[in-house]
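Structure first, then comments.
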Amino acid sequence: MSTSPLRVHQPEAAEAQSLGDRAYYRIRELIVTLELPPASVVTERELQGYDGEQGRPAYVAYAGVVYDVSGCPKWRTGLHEHLHFAGLDLTRALRKAPHAEEVFGRPCVRRVGVLEAGG
C-alpha cells in the first residue's frame, strides 16, 4: 500500500493577499473601535476647514464618520488621485472608487469623530 503525500490547498498569491488584507483590516477595525474615546461631533462647516492645505490636517467623512487621512501618502496635498478633496463628505464619491470602505481601516487613517447629521 503506497502512501500519498498530504495535499494542502495553497491559495494563489492574489487570493492569499486578498484574504490577508481583509483579515488585517477587520482586526484593525475591531482594535480601533475598542480604543476610541467618545466621538467628537464635527459639522460640515468644521470639516471643510480640514482640507490638508497650508499645513492643516486632511479630514474626510464617510458614512457619518470623520477620518484623519493626513498620514496617508495619497492624501498629503489634500487632494486624492486628482479627484477627491479633503474637507468633504466622500460617502457618494466612494461608490465610484476602485476600492471600498476598508481603506478607512488602514494604519495611516485615524477616526476622529462623527459628522453632525444635517451638517
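So the mapping is simple: our numbering equals the position in the sequence shown, first residue as 1, plus 51. In this text, a Cβ means the ideal position worked out from N, Cα and C, and glycines have one as well.
(request) Note down the Cα distance separating Y110 from R143, rounded to an integer number of angstroms. (result) 16 Å
(request) Please list the segments of the alpha helix (DSSP H) lying wholly inside the region 85–132, counting only runs of 4 or more residues, in order along the chain. (result) 95–99
(request) Determine the DSSP secondary structure at L164, reduced to helix, strand or coil. (result) The question names Leu, but residue 164 in the sequence shown is Gly. Reduced to three states, the DSSP call for G164 is strand.
(message) Along the chain, where does the alpha helix (DSSP H) containing R146 start, and where does it finish?
(response) Taken as a continuous stretch (DSSP letters only), R146 belongs to no alpha helix (DSSP H), as it is neither H nor E.
(message) For a quick check, are the C-beta atoms of S91 and V165 less than 9 Å apart?
(response) yes
(message) Rounded to the nearest angstrom, what separates R127 and A137 at their Cα positions?
(response) 10 Å
(request) Going by CA-CA distance only, name the one from V163, V93, T94, L98 that's closest to G129. (result) L98
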